[in-house]
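Notes to accompany the following structure.
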Amino acid sequence: MLRYELCKLFARPSGKAALLLLAVLVAVSTFFACHVRYTDEEGQTQYGLSAVRQLRADQKAWAGPLDEAQLRRAIQANLDVRTSPDAQSEDVVRQDMAFHRQQAFEAIRDLLNSAYSEDFQAFDYFTADTLTPEDAPDFYANRVRLLQQWLEDNAFAFSQAEQNYLVQQYQALETPMYVDYTTGWQQFYEFSPTVIIILCLFACFLVSGIFSQEGQWKTDAIFFTTFHGRGRGVSAKVGAGLLLLTVLYWVPFLLFGGITLAFLGADGAGCPVQLYAWKSLYNLTLGQGALLIALGGYLGTLFLGLLSMWVSAKSGSTVLAAVLPFAVIFLPALMLGDINTLLSNILGLLPDKLLQINRDLAYFDLYQLGDSVMGAIPILLVLYTVLTLLFIPLLYKTYQHKQLK
23 MLRYELCKLF ARPSGKAALL LLAVLVAVST FFACHVRYTD EEGQTQYGLS AVRQLRADQK
83 AWAGPLDEAQ LRRAIQANLD VRTSPDAQSE DVVRQDMAFH RQQAFEAIRD LLNSAYSEDF
143 QAFDYFTADT LTPEDAPDFY ANRVRLLQQW LEDNAFAFSQ AEQNYLVQQY QALETPMYVD
203 YTTGWQQFYE FSPTVIIILC LFACFLVSGI FSQEGQWKTD AIFFTTFHGR GRGVSAKVGA
263 GLLLLTVLYW VPFLLFGGIT LAFLGADGAG CPVQLYAWKS LYNLTLGQGA LLIALGGYLG
323 TLFLGLLSMW VSAKSGSTVL AAVLPFAVIF LPALMLGDIN TLLSNILGLL PDKLLQINRD
383 LAYFDLYQLG DSVMGAIPIL LVLYTVLTLL FIPLLYKTYQ HKQLK
């Protein structure tokens with residue numbers, strides 16, 4: 023029966039078209055994720071595998087602990103580039119030749135811009151150009167200092183316990199950080215939410231009719247009122263839905279991640295996630311953060327897929343079941359803006375956040391219970407694991423008392 027249910031889903035022209043479109047969108051997303059440029063010594067822009075290899079070789083020269091000596095070296099190198107005749111020339115090609123020297127330590131330069139900014143919320147690309155090697159000792163202290171100043175100016179937004187928690191998390195960051203060539207992970211982080219949302223929407227679309235098809239064929243009055251229809255029939259539909267959601271998520275996602283990291287390189291998996299999100303309160307590595315992104319996306323896809331199946335079973339409407347995930351994912355984004363704290367906290371725990379864990383890594387979504395404070399990510403993972411498991415008995419219960427009339 024499981025195979026029969028899967029065959030029904032893909033027998034429809036819409037099912038086949040959805041799979042084809044899904045493959046195209048994932049392929050396009052993977053292409054753009056791997057589309058990295060490199061500026062050579064002549065100021066010419068290169069793309070492709072050779073560009074990746076040259077960029078990796080240049081940035082590998084700066085791999086290692088980001089201690090005071092390395093910071094001084096980076097600041098001096100940036101100063102040398104900025105004061106070079108090429109950088110000060112009005113010729114764009116010569117400026118690109120200067121950038122060739124800078125791109126090797128561009129990741130460190132971005133960290134300097136963040137650590138020495140005038141304000142916690144500010145970012146000026148040219149801040150690093152104002153630094154001298156004597157500023158290097160303040161690098162890590164500035165990260166904590168800017169946070170504390172910002173919390174003082176925005177004390178109304180956080181309780182004292184939340185402020186203490188943020189400062190403690192910042193102080194707990196292991197220093198000196200280890201830096202490396204991390205372009206593969208940077209691109210994975212940037213493009214994975216797009217791929218995950220695409221996979222989730224298409225998977226939900228395909229399972230949205232798994233329970234309502236019998237209603238469309240006018241066979242539900244017989245199928246779901248029989249003993250085996252309520253038992254093995256529902257089990258086959260639930261199993262087909264779970265299998266489809268799992269395969270349709272993991273196969274394309276692993277292909278996307280595998281191709282991206284194989285092409286760009288998986289170097290730097292042990293580097294701190296702050297290389298991607300400088301303000302992150304989570305002291306994780308890039309590899310650990312990527313695992314959270316993958317698991318969060320799968321959990322969100324399972325939850326929304328089972329929600330679609332349940333709506334399909336309760337309403338008998340394939341359209342409603344297919345549209346609901348779109349609303350759940352995109353409507354919260356329209357509500358962002360001037361909202362109160364309570365609504366903000368509610369929006370922070372909606373299932374769309376599971377599909378965008380990289381965003382949660384970068385922002386301060388905090389929740390307090392008594393004196394305990396934690397970020398949104400562990401709450402989301404626990405909450406939606408429980409809710410997802412609850413949907414399975416709910417689907418069985420929907421047809422438990424069906425009788426032939």
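The sequence shown begins at 23 in the numbering used here and counts up one residue at a time.
Think of the CB as a built atom: it goes at the ideal place given N, C-alpha and C, for glycine as much as any other residue.
All figures in this text were calculated on a predicted structure; none of them were measured in a lab.
Rounding to the nearest angstrom, what Cα-Cα distance links S339 and L417 in this structure? 15 Å
Out of curiosity, what's the CA-to-CA distance linking A91 and D151? 18 Å
With a cut-off of 8 Å on the beta carbons, I'd call A343 and S230 a contact; round off their distance for me. 4 Å
Between the Cα of V350 and the Cα atoms of I379, V408, L223, which residue gives the shortest distance? L223
Could you tell me the alpha carbon to alpha carbon distance between Q68 and G280, rounded to whole angstroms? 23 Å
Per DSSP, cross-strand counterpart(s) of T67: T61
Residue range of the alpha helix (DSSP H) that includes S51: 35-55
Taking DSSP as the reference, what is the three-state secondary structure of F245? The predicted position of F245 is uncertain, since its pLDDT is 48 and thus under 50; a value taken from the coordinates is nonetheless stated next. In the structure shown, F245 sits in a helix (DSSP, three-state: H, G or I).
The alpha helix (DSSP H) with M199 in it runs from where to where? Per DSSP, M199 belongs to no alpha helix (DSSP H) and is neither H nor E.
Is the Cβ-Cβ distance between A129 and V201 less than 8 Å? yes
Looking only at its chain, what residues have a beta carbon closer than 6 Å to the beta carbon of T197, apart from the 5 residues adjacent to it on each side? Y162
In terms of residue numbering, what span does the beta strand (DSSP E) encompassing Y138 cover? Y138 -> no beta strand (DSSP E), and no H or E assigned at all.
So which of Q390, L402, V404, L409 has the shortest CA-CA distance to S181? Q390
Taking the beta strand (DSSP E) that F388 falls in, what are its first and last residues? Note that residue 388 is Leu in the sequence shown here, rather than Phe. 388-391 is the extent of the beta strand (DSSP E) around L388.
Out of F285, L286, A288, G309, which has the shortest C-alpha to C-alpha gap to V295? G309
Over what stretch of residues does the alpha helix (DSSP H) that includes G322 continue unbroken? 308-337
Grab me the residues of T241's own chain with a C-beta within less than 8 Å of its C-beta, minus the 5 sequence neighbours each way, in chain order. Interpretation of T241 is limited by its pLDDT of 47, a score under 50 that renders its predicted location unreliable; the figure taken from the coordinates is listed afterwards. There are no such residues.
Coil, strand or helix - M357 by DSSP: coil
Put V269 into one of helix, strand or coil per three-state DSSP. helix
Under 8 Å between the Cβ atoms of F275 and G319? yes
6 Å Cβ shell around L173 - same chain, five flanking residues per side excluded: Q185
Please classify N442 as buried or exposed, where buried requires at least 16 other C-beta atoms within 10 Å of its C-beta. Examination of residue 442 is not possible in this model, given that the chain is present from 23 through 427 alone.
I97 versus L372 - alpha carbon distance: 42 Å
Please classify A243 as buried or exposed, where buried requires at least 16 other C-beta atoms within 10 Å of its C-beta. Unreliable placement is indicated for A243, whose pLDDT of 45 sits below 50; no coordinate value is reported for it.
Run through DSSP, which three-state label would G86 get? strand
If contact is defined by three or more beta carbon pairs under 8 Å, each pair taking one atom from either stretch, is the segment 364-384 in contact with the segment 283-290? no
Rounded to the nearest angstrom, what separates V345 and A49 at their Cα positions? 24 Å
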